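Colleague: Residue numbers (full-length UniProt numbering): 1 to 258. Don't be surprised by glycine CBs; every beta carbon is placed ideally from N, CA and C. For clarity, every value in this text was computed on a predicted model and none was experimentally measured.
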Amino acid sequence: MQYEIKQLDKFRYIEEGDGEPLVLLHGLFGALSNFRDLIEYFRQHYKVVVPMLPLFELDILHTSVGGLQKFVHKFIEAKDLRNIHLLGNSLGGHVGLVHVLKQPERIKSLILTGSSGLFENGMGDTYPKRGDYDYIRKKTELTFYDPKMATKELVDEVYEITTSRLKVIKIIALAKSAIRNNLGEELSQIKQPTLLVWGNNDTITPPFVGREFNRLIPNSELHFIDHCGHAPMMEVPEEFNRILHKFLTKLSTPAAVA
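#1: I need the boundaries of the beta strand (DSSP E) containing Gly88, first residue and last residue.
#2: Taking 8 angstroms as the threshold, find out whether the stretch 149-162 comes into contact with the stretch 175-195 through three or more Cβ pairs.
#3: Here's a check: name, in chain order, each residue in its chain whose Cβ is nearer than 7 angstroms to the Cβ of Arg106, leaving out the five neighbours to either side.
#4: Mind the definition here: the stretch 5-18 touches the stretch 133-149 only if three or more C-beta pairs lie below 8 angstroms; say whether that holds.
#5: Compute the beta-carbon to beta-carbon distance between Leu216 and Leu187, rounded to the nearest angstrom, for a pair I have assumed lies under 8 angstroms.
#6: Looking at the secondary structure, which residues open and close the beta strand (DSSP E) in which Ile225 lies?
#7: In whole angstroms, give me the CA-to-CA distance for Leu53 and Leu25.
#8: Which class does Arg12 belong to by DSSP, given the choice of helix, strand or coil?
#9: Per DSSP, Leu24 forms a beta bridge with which residues?
#10: Measure the alpha-carbon distance for Pro232 versus Ile225 and round it to whole angstroms.
#11: With a floor of 3 residues, list each beta strand (DSSP E) that falls wholly inside the stretch 107-163, ordered by position along the chain.
#12: Cβ of Val72 within 8 angstroms of Cβ of His99?
#13: Identify the continuous alpha helix (DSSP H) that holds Val236 and give its terminal residues.
#14: Quick one: give me the first and last residue of the beta strand (DSSP E) that Leu195 is part of.
#15: Do you know offhand how far Leu110's Cα is from Ile190's?
#16: Using DSSP with H/G/I as helix, E/B as strand and the rest coil, what is Val48?
#17: Taking the Cβ atom as the reference point for each residue, do Glu212 and Leu118 lie within a distance shorter than 8 angstroms?
#18: I need the straight-line Cα distance from Thr199 to Phe144, nearest angstrom please.
#19: So, helix, strand or coil for Lys6, using DSSP?
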């Protein structure tokens, strides 16, 4: 499925469907392919918006979780989005968390899956192995429970990023920023209903990370999915979409008056 990439000022994004905005934030090696099943399913019920995060376009000083959060804030203001359901995977979840803590007023709910922000076995830690295709393939396979999910197309995408010295420097800067920007007790300030969806076989942000987010974020619910790694929306899209749809439907249903 090819989506039209729209442009507004410096922002490039995809927008499909109508209704309350469901804004998707991708991770460090995120691509639109990560969200294909999610976009297809939810465009029938919501306005699905995917901004292209400028992972490699920011100057090195602002190549950080905070720099990406400022970009997301400006994008939301430029589009004048309100009542947003903000969903982030991996680094995208971390950016979403920082955004909700800094600019909560337009956010209706938060959805995190395999999010950094507390602990992660980063891909950035050992990434200077540029030009080693086999190494990149093995690293990409670690994202999933089923290594076959790391298709040649996906591995090629990651490999292409790592052949650029400047991109590798920025990947490492973002990975280090994510590790430094540990949110911990701040998370207790989040007021929005929060859905946590975790793969039981996630080795990058293991299941205990999901439990810790659940403990620290007051109004949160946690769902584990078996035989699933760091990207549930890619690896088990039907199950992920079912959990998310149920959560969003519950939010829009008025509570029964006793």
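Modeller: According to the structure shown:
#1: Ile84 to Asn89
#2: no
#3: Ile76, Leu81, Arg82 and Ile84
#4: no
#5: 4 angstroms
#6: Ser220 to Ile225
#7: 8 angstroms
#8: strand
#9: Leu87
#10: 8 angstroms
#11: 107-113
#12: yes
#13: Unbroken run through Val236: none, as it is neither H nor E.
#14: Thr194 to Gly199
#15: 9 angstroms
#16: strand
#17: yes
#18: Just to set this straight, residue 199 is Gly in the shown sequence, not Thr. Going from the Cα of Gly199 to the Cα of Phe144 covers about 9 angstroms.
#19: strand
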